[in-house]
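Encoded structure:
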């Protein structure tokens with residue numbers, strides 16, 4: 287029964303969602319929205335599980351002085367600062383996201399710059415990945431290098447200044463071969479998703495139940 | 156004397172609003188729009204009414220002459236009226252979504268101009284009704300039935316014992332090598348689902364691969380780290396790994412603290428995973444799930460510590476980054492086929508064969524339509540539009556609303 291009941295719930299839910307896609311009449315209409323609300327409620331409770339997992343694993347790391355425990359101290363300090371700032375904002379301004387509250391101060395002056403820093407690292411990583419991908423060691427890599435060079439130069443104004451045909455070549459590469467490959471992958475993903483969903487609904491795919 | 160007479164004349168003209176010199180008059184009140192039609196919106200839950208009309212003669216798309224239409228709705232023909240919406244001049248359609256199914260509604264439209272307003276006759280009653288079938292999705296239903304039939308047909312064939320050939324997927328074959336390499340190096344293995352939620356089908360597929368990785372880790376006694384972005388995925392991953400460690404009889408090796416929640420912030424998660432990679436230097440890293448901009452940040456960090464990396468995602472924008480940074484990449488559908496490939500269960504493989512058959516049919520169909528469309532376009536340009544109309548009808552049939 288430990289597996290049969292979840293499989294039955296999955297089957298019934300899956301079938302209802304499929305039916306609701308084609309039948310707008312009640313009780314099927316907006317069924318997906320209702321189930322998403324249930325999902326959000328479950329997510330809210332599991333967030334507590336997540337926080338519990340985060341706090342416990344880091345406190346264990348600190349108490350046992352495991353390698354890198356100093357980072358766990360920083361993480362716990364950050365966690366507590368955000369928690370206290372959130373509660374203070376709620377008490378003082380009746381809203382966690384009050385613009386002049388302490389939580390928004392932490393968000394604006396600490397969290398947002400940290401996010402921007404991580405995001406900006408992407409530029410350097412793109413350069414290093416592109417360097418490796420474009421090394422012309424094989425015929426395929428050479429073709430990739432040539433194509434990438436044409437696309438990059440065709441996309442900037444200086445490309446048109448060098449030769450007016452470059453933007454047109456860039457457009458052709460992006461709209462014909464690139465789009466064809468992309469759509470081929472999309473169709474594969476769509477069919478794979480249908481087959482996978484069918485396997486889950488029919489109970490053939492049970493890995494998610496462990 | 157002359158100056159006084161001129162002053163008096165100007166004063167009179169000013170008092171008269173300066174109109175008598177050029178014959179200006181007040182703008183006339185507009186006529187209301189004509190031919191108003193209000194009908195129940197099709198293919199919905201009975202929560203919308205479509206209203207169309209013919210433009211008022213004063214509606215000439217000139218802002219100075221015409222402002223807008225105000226649509227009003229009432230439960231009875233004599234009111235009370237409430238505003239259903241405002242539509243700018245030039246438009247002749249509106250969908251009123253503020254209605255309840257099964258109730259009667261009356262409508263009127265008021266033309267609003269600088270010169271006043273023109274009220275149309277009342278139309279109605281209109282009773283919005285919920286439909287039992289969304290006819291605009293008939294094409295999707297037919298294709299879904301065909302696809303599901305073919306997949307189930309192949310599953311049944313596999314169930315009867317037919318041998319089915321599945322091509323090699325290098326990324327999945329490399330899982331054992333990656334775990335073995337990390338074990339030999341005495342390093343842990345890191346597994347990331349990215350920013351996928353449990354309702355994403357790719358995350359469900361990834362759980363199957365996680366189980367395989369965890370099984371190998373349990374057999375070799377290798378440490379497995381699974382940092383999570385979604386707490387529900389974390390709970391599912393903990394269950395999966397615990398089960399996988401129990402199967403070869405090594406439940407003692409399972410550490411719940413290794414499968415943790417990090418944060419629901421995208422770049423916070425990337426920073427957390429990068430920190431783990433740099434500090435613990437895993438021998439093998441698996442990026443299997445749904446990824447956004449954090450994909451390359453994490454994959455390049457993994458590359459910098461020399462880990463063997465296997466990635467897979469259905470996020471098409473992130474695939475090139477994984478291909479550039481990782482040793483193996485599962486592209487789109489390969490990721491979704493992973494559980495069938497790993498388990499080698501005939502029924503699961505049957506569903507893959509069904510999928511392949513549909514793909515082959517689609518390739519043939521697309522090629523035939525491309526040839527047909529090209530020929531139709533050439534004939535259309537030559538003055539024979541019949542084939543072009545058939546082609547357009549076929550194309551429109553495949554277009555969903």
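Chains as they are written, first to last, in this note's numbering: chain A, 287 to 496; chain B, 156 to 556. Ideal placement from N, C-alpha and C gives every residue a C-beta, glycine not left out.
The alpha helix (DSSP H) that contains residue i, what's its start and end?
i	result
residue 278(B)	Element bounds for residue 278(B): not the alpha helix (DSSP H) but the beta strand (DSSP E), 278–281.
residue 397(B)	386–401
residue 251(B)	Counting along the chain, residue 251(B) falls outside any alpha helix (DSSP H), though it belongs to the beta strand (DSSP E) covering 248–251.
residue 198(B)	First-last for residue 198(B): undefined, no H or E at that position.
residue 213(B)	Residue 213(B) -> no alpha helix (DSSP H), and no H or E assigned at all.
residue 495(A)	No alpha helix (DSSP H) holds residue 495(A); DSSP gives it neither H nor E.
residue 146(B)	There is simply no residue 146(B) to check, as chain B begins at 156 and stops at 556 in what is shown.
residue 497(B)	493–498
So residue i is in the beta strand (DSSP E); what residue range does that whole segment cover?
i	result
residue 466(B)	463–468
residue 267(B)	260–268
residue 414(A)	No beta strand (DSSP E) contains residue 414(A), which is instead part of the alpha helix (DSSP H) from 398–419.
residue 223(B)	223–229
residue 239(B)	237–243
residue 486(B)	483–486
residue 348(B)	344–349
Using 8 Å for Cβ pairs, my map puts residue i next to residue j. What's the rounded Cβ distance?
i	j	result
residue 310(B)	residue 509(B)	7 Å
residue 264(B)	residue 272(B)	About 10 Å; that fails the 8 Å criterion.
residue 257(B)	residue 189(B)	About 30 Å separates the two Cβ atoms, so there is no contact after all.
residue 517(B)	residue 473(A)	6 Å
residue 559(B)	residue 467(B)	This structure leaves residue 559(B) out entirely; chain B is present only between 156 and 556.
residue 380(B)	residue 435(B)	7 Å
residue 222(B)	residue 268(B)	6 Å
residue 237(B)	residue 228(B)	6 Å
What residues from chain E crowd round residue i, counting only those whose CB sits closer than 8 Å?
i	result
residue 401(A)	No chain E is present in this structure, whose protein chains are A and B.
Apply the 10 Å Cβ neighbour rule to residue i and answer buried if 16 or more other Cβ atoms are within range, or exposed otherwise.
i	result
residue 347(A)	buried
residue 301(A)	exposed
residue 328(B)	exposed
residue 320(A)	exposed
residue 233(B)	exposed
residue 276(B)	exposed
residue 344(A)	buried
residue 428(A)	exposed
residue 506(B)	buried
residue 545(B)	exposed
residue 287(B)	exposed
residue 281(B)	buried
residue 489(B)	buried
residue 414(B)	buried
residue 313(A)	exposed
residue 536(B)	exposed
residue 388(B)	buried
residue 334(B)	buried
If you reduce the DSSP assignment to three classes, tell me which class residue i lands in.
i	result
residue 208(B)	strand
residue 370(B)	helix
residue 489(A)	coil
residue 318(A)	helix
residue 543(B)	helix
residue 275(B)	coil
residue 171(B)	Note that residue 171(B) has pLDDT 46, beneath the 50 cutoff, so the model's placement of it is unreliable and no number is given.
residue 191(B)	strand
residue 479(B)	helix
residue 285(B)	strand
residue 509(B)	helix
residue 203(B)	coil
residue 311(A)	coil
residue 514(B)	helix
residue 502(B)	helix
residue 406(B)	helix
residue 292(A)	helix
residue 375(B)	helix
residue 531(B)	helix
residue 478(A)	helix
residue 350(A)	coil
residue 177(B)	Confidence at residue 177(B) is low in this model, with a pLDDT of 46, below 50, so the placement of that residue is unreliable and no value is reported for it.
Legend entry - Complete alpha helix (DSSP H) runs within the segment 408–457 of chain B (minimum length 4 residues, chain order): Here the runs fully enclosed are 421–435.
Legend entry - alpha helix (DSSP H) runs wholly inside the segment 353–397 of chain A, at least 4 long, in chain order: Runs of alpha helix (DSSP H) with 4 or more residues, each lying fully within the segment 353–397 of chain A, are found at 355–379 and 388–392, listed in chain order.
Inset, instruction - Tell me the start and end of each unbroken beta strand (DSSP E) in the segment 305–357 of chain B that is at least 3 residues and wholly inside, in chain order. - result: Listed in chain order, the complete beta strand (DSSP E) runs (minimum 3 residues) inside the segment 305–357 of chain B are 344–349.
Legend entry - Completely contained alpha helix (DSSP H) runs for the segment 409–475 of chain A, where each covers 4 or more residues: Given a length threshold of 4 residues, each whole run of the alpha helix (DSSP H) inside the segment 409–475 of chain A is given here in chain order: 425–441, 443–448 and 451–461.
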